[in-house]
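If you read the protein sequences in the order shown, they are chains W and C. Take 1 as the starting number for the first sequence in the UniProt record's numbering and just add one per residue. Take 1 as the starting number for the second sequence in the UniProt record's numbering and just add one per residue. Input: a single structure, listed below in structure tokens.
Number of protein chains: 2
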Amino acid sequence: MTSHKWLIKNGQFAVSDPEWRIVKGYMLVENDKISYIGEKLPEGEEETTAFDGKNLLFIPGLINTHGHAAMSLLRGYGDDLALQIWLQEKMWPMEEKFTADDVYWGASLSILEMIKGGTTAFLDMYDQMNQVAKVVEESGIRASLMRGVIGFGSDELRASKLAEATSFAKEWNGQASGRITTMLSPHAPYTCGPEFIEKFVQAAHDLDLPLHTHMSETKAEVEQNVKDYGLRPVAHLEKLGFFSRPSLVAHAVHLTDEEIEILAKYNVAVAHNPGSNLKLASGVARVPDLLKAGVVVSLATDGPASNNNLDMFEEMRLAALIHKGVSGDPTAVPATEALRMGTEYGAKSIYVEDTGTLAVGKKADFVAIDLDQAHFLPYSDLISHVVYSASAKDVKHVWVDGKQLLKDGEALTLDEERIKREAESAFKGLKAR
Amino acid sequence: MTSHKWLIKNGQFAVSDPEWRIVKGYMLVENDKISYIGEKLPEGEEETTAFDGKNLLFIPGLINTHGHAAMSLLRGYGDDLALQIWLQEKMWPMEEKFTADDVYWGASLSILEMIKGGTTAFLDMYDQMNQVAKVVEESGIRASLMRGVIGFGSDELRASKLAEATSFAKEWNGQASGRITTMLSPHAPYTCGPEFIEKFVQAAHDLDLPLHTHMSETKAEVEQNVKDYGLRPVAHLEKLGFFSRPSLVAHAVHLTDEEIEILAKYNVAVAHNPGSNLKLASGVARVPDLLKAGVVVSLATDGPASNNNLDMFEEMRLAALIHKGVSGDPTAVPATEALRMGTEYGAKSIYVEDTGTLAVGKKADFVAIDLDQAHFLPYSDLISHVVYSASAKDVKHVWVDGKQLLKDGEALTLDEERIKREAESAFKGLKAR
Chain W
1 MTSHKWLIKN
11 GQFAVSDPEW
21 RIVKGYMLVE
31 NDKISYIGEK
41 LPEGEEETTA
51 FDGKNLLFIP
61 GLINTHGHAA
71 MSLLRGYGDD
81 LALQIWLQEK
91 MWPMEEKFTA
101 DDVYWGASLS
111 ILEMIKGGTT
121 AFLDMYDQMN
131 QVAKVVEESG
141 IRASLMRGVI
151 GFGSDELRAS
161 KLAEATSFAK
171 EWNGQASGRI
181 TTMLSPHAPY
191 TCGPEFIEKF
201 VQAAHDLDLP
211 LHTHMSETKA
221 EVEQNVKDYG
231 LRPVAHLEKL
241 GFFSRPSLVA
251 HAVHLTDEEI
261 EILAKYNVAV
271 AHNPGSNLKL
281 ASGVARVPDL
291 LKAGVVVSLA
301 TDGPASNNNL
311 DMFEEMRLAA
321 LIHKGVSGDP
331 TAVPATEALR
341 MGTEYGAKSI
351 YVEDTGTLAV
361 GKKADFVAID
371 LDQAHFLPYS
381 DLISHVVYSA
391 SAKDVKHVWV
401 DGKQLLKDGE
411 ALTLDEERIK
421 REAESAFKGL
431 KAR
Chain C
1 MTSHKWLIKN
11 GQFAVSDPEW
21 RIVKGYMLVE
31 NDKISYIGEK
41 LPEGEEETTA
51 FDGKNLLFIP
61 GLINTHGHAA
71 MSLLRGYGDD
81 LALQIWLQEK
91 MWPMEEKFTA
101 DDVYWGASLS
111 ILEMIKGGTT
121 AFLDMYDQMN
131 QVAKVVEESG
141 IRASLMRGVI
151 GFGSDELRAS
161 KLAEATSFAK
171 EWNGQASGRI
181 TTMLSPHAPY
191 TCGPEFIEKF
201 VQAAHDLDLP
211 LHTHMSETKA
221 EVEQNVKDYG
231 LRPVAHLEKL
241 GFFSRPSLVA
251 HAVHLTDEEI
261 EILAKYNVAV
271 AHNPGSNLKL
281 ASGVARVPDL
291 LKAGVVVSLA
301 TDGPASNNNL
311 DMFEEMRLAA
321 LIHKGVSGDP
331 TAVPATEALR
341 MGTEYGAKSI
351 YVEDTGTLAV
361 GKKADFVAID
371 LDQAHFLPYS
381 DLISHVVYSA
391 SAKDVKHVWV
401 DGKQLLKDGE
411 ALTLDEERIK
421 REAESAFKGL
431 KAR
């Protein structure tokens, strides 16, 4: 661990203990942790050497709890199509051709975009995850990584994929000074048979890791589950012991009241992907009901091909907006809750609970937003502004583990020009092959 | 009219004749109009003196067809509240206190934000409209302006407000080198009695002006209309002769099939406010059905207090996303249509049809987007990127009537620092009074 020290003065800090409030003053970061937040200069520190936080709002780093970073290479390659055409004619044929380099540059492009937009931690479920892990290591971002396994094909193929997933999870858990953690991840109940899912559950117990999967994203998939197994996905996964592990399910759009109760009972976290769910016409998840039931609901972009950006401010805003519009209740998912979903609940969802809030003892993963802009005036309510007015490009500086990754909008750990060039060239290569 | 000439080289130009396509090459602007778009250097022009459009995507200026610019002073002042509490306890008591200066600085703040975000024309319905008109004149933006009249109070009060609305409309129509046009605007059927609305219709005939109003924003308001007048708002307005004038209705969230037919029959345009409708929990307008029926549907932010920004890219994205999610049809409102709603259909909606597309003979209202950014890579489909990935802050340059208003993100015609300072001070003054 490199040693870091940051004393920030003149800042406004969004803390949530337990209500959101803005502390005006100082924050001290020592090494990878926050050691002080308060109105007064911390004892023994010198005002003169401090980083000037004037016109900056400091918020916890945003946490993107479900995605497929390498798919940035397919951004805009197929839009406004029926789901099966999009998958079968656009995504899958291209993804089949992905080389290790493609995954490396695709992940680099996404991680660059995420850091520039204030995301300090993300979950990634994909193939060739060593490549993603390498970029995480180099970039300084935090990530929960997993090999997402589709269970089609022969028993041998399945066994080798499971072995790959577990060996990746073992090898990389705790790497990059602890910034990388891992999970195990069967892709979905509709792509993995029950016995195969049970093997993942067993492996998760053996390795003491959480589980992640896609669940109940579309209505058709829920109906297919009932047809195939006589159960809706939640009861199906419950029966397979999935929820006996700490677990995070992505999407959870189509849920009954009983299913919400089961998720709450097992403390299953939900990665809500409002942009992707809308774009792919999957529907609108029952987020207000989930939150009411005490389920931890976090936010995610999903892959960049179904979003099409990785702007977590947009996901917070969508979460705050769509549930009001659809339920008819203007108090549904208030800004304060949307910001928690993008930060604190994200940390819980990926089981990295020493992040997600600005508080003494927490990891120094934080973001400075440039408040000196027309769309943030007047300074009536900064939490409202973060959720209802801000976008990725309002982010000026980003720190993870106390290390600055973005300075005045410029990435410090990644070669932006090279990444853009290589990503464009990778896309052209994929189209040409 | 000041004379302007811009020869742009190395640019990518989004034209729509009739399908969207990207022309790579040159655009020539002479005075207030586009005189050439093509792959080759226009005859008689010199390459060396041209403005370099490298890494820039040129799109028609965005057109925001419904709003209340001065309400930027109330951004974030009341969120996540039930509509009546928001209006009665937050908005109205503050708006009552608005001085001419407040309207001036509120409108300045909004117009600054709009120009910075690529909006080249907007519709504004508010009080003290002389102030808004002044800012439009100074800033160089284009606008359709109108005094929005609430018909409560005595006959005398109503008569004086109508007189104020018509005299404003007469005085300012065609001002600012033609950049200002005007309409007449009774606020809504639920705030203006039938006879009062008929007076507006008559005045619109007398002055040969279009009409604008809020219509069917909430379910409660539709029910009240039926209770009060025995008709839903569309039939009610039809009966009052409203649609005998070129007319634009804002919101139109709650419509029956028959109402959609009536709107189509009279060529009534609809200003769709997806962000505001969601935030105020009004519901989701039947946009795919309206478009299918041939109704011109444009996009709008509504006032900044119910949005809370004036980012038209966000409204295009919301329009493209929510109707897919709610209808279950991933082909609903494709990116190509959302971009038309934000540009060409906007021009039709505010009856300024010589704007809204990049084409020879059209007004030179256009925007350059900085493509050299992670979230626009790979360059797979630039129209998709504009709708699904871009935000206000990706706008680098803006021109209206051939005059550059924004250069490298800096406003050329407005004093940004002063506006921010005055807006903050106006907000503090309103709270203190």
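Built from N, CA and C at the ideal position, the CB exists for glycine as well.
- Uninterrupted alpha helix (DSSP H) stretches at least 4 residues long and entirely within the region 44-132 of chain C occur at 92-96 and 100-116, given in chain order.
- An exposed status is given to Q84/W, since fewer than 16 other beta-carbon atoms sit within 10 Å of its beta-carbon.
- The region 364-375 of chain C makes contact with the region 392-407 of chain C: 3 or more CB pairs, one atom from each, lie closer than 8 Å.
- By the 16-neighbour rule on beta-carbons within 10 angstroms, S154/W is exposed.
- Annotation: the continuous beta strand (DSSP E) that includes F13/W extends over K5 to S16.
- Annotation for R433/W: K97 place their beta carbon closer than 7 Å to its own, counting only its chain and skipping 5 residues before and after.
- Per the C-alpha coordinates, the member of M27/C, R179/C and A359/C positioned closest to S139/C is R179/C.
- Neighbours of F427/C in chain W, taken as residues whose beta carbon is under 7 Å from its own, are P378 and S380 in chain order.
- Taking CB atoms only, S384/W has a neighbour in chain C less than 9 Å away.
- Here the region 424-432 of chain W makes no contact with the region 326-335 of chain C; the two share fewer than three CB pairs at distances below 8 Å.
- In the three-state DSSP reduction, D370/C falls in the strand class (E or B).
- Cβ proximity to chain C below 9 Å picks out D372, Q373 and A374 from the region 356-374 of chain W.
- In this structure, the beta-carbon distance from H66/C to T301/C falls below 9 Å.
- For R75/C, the chain W residues whose C-beta falls within less than 9 Å of its own C-beta are H375, F376, L377, P378, S380, D381, S384, H385, Y388 and S389, listed in chain order.
- Between the region 1-11 of chain W and the region 40-59 of chain W there are three or more C-beta pairs closer than 8 Å, enough to call the two in contact.
- The beta carbons of A320/W and A338/W sit about 4 Å from each other, so the pair counts as a contact at 8 Å.
- Rounded to whole angstroms, the separation of the alpha carbons of S391/C and D408/C is 15 Å.
- When Cβ-Cβ separations below 9 Å define contact, I419/W makes contact with chain C.
- Counting only runs of 4 or more residues that sit fully inside the region 210-282 of chain W, the alpha helix (DSSP H) segments are 219-229, 233-239, 257-265 and 274-279, in chain order.
- Counted as a single uninterrupted DSSP element, the alpha helix (DSSP H) harbouring Y388/W occupies residues L382 to Y388.
- Here V270/W is near L290/W, since their CB atoms are less than 9 Å apart.
- Taken through DSSP and simplified to helix, strand or coil, G361/W comes out as coil.
- Secondary structure note for V352/C: it is in no alpha helix (DSSP H), with a DSSP letter that is neither H nor E.
- Using a Cβ-Cβ cut-off of 8 Å, I322/W is close to L278, I322 and G325 of chain C, given in chain order.
- Classified as exposed, G328/C has fewer than 16 neighbouring CB atoms from the shown chains inside 10 Å of its CB.
- Relative to D381/W, the option among M341/C, S389/C and E424/C whose CA is nearest is E424/C.
- Note on A426/W: 16 or more other CB atoms within 10 angstroms of its CB, so buried under the neighbour-count rule.
- The contact set of E113/C on chain W, defined by CB atoms closer than 8 Å, consists of A374 and H375 in chain order.
- The three-state secondary structure of I150/C, taken from DSSP, is coil.
- Taking a Cβ-Cβ threshold of 9 Å, the residues of chain C close to A82/W are D329, P330 and T331, in chain order.
- Of all residues in the region 57-69 of chain C, none has a C-beta nearer than 8 Å to a C-beta of chain W.
- Taking 9 Å as the Cβ-Cβ cut-off, the region 271-301 of chain C approaches chain W at P274, G275, N277, L278, K279, L280, A281, S282, G283 and V284, given in chain order.
- Residues of chain W with a Cβ closer than 8 Å to the Cβ of P334/C are, in chain order, D79 and D80.
- DSSP places S391/W outside any beta strand (DSSP E), giving it a letter other than H or E.
- Taking all protein chains in view, the Cβ of R142/C is crowded by 16 or more other Cβ atoms within 10 Å, so the residue is classified as buried.
- Taking a Cβ-Cβ cut-off of 7 Å, the neighbours of K116/W in chain C comprise A374, given in sequence order.
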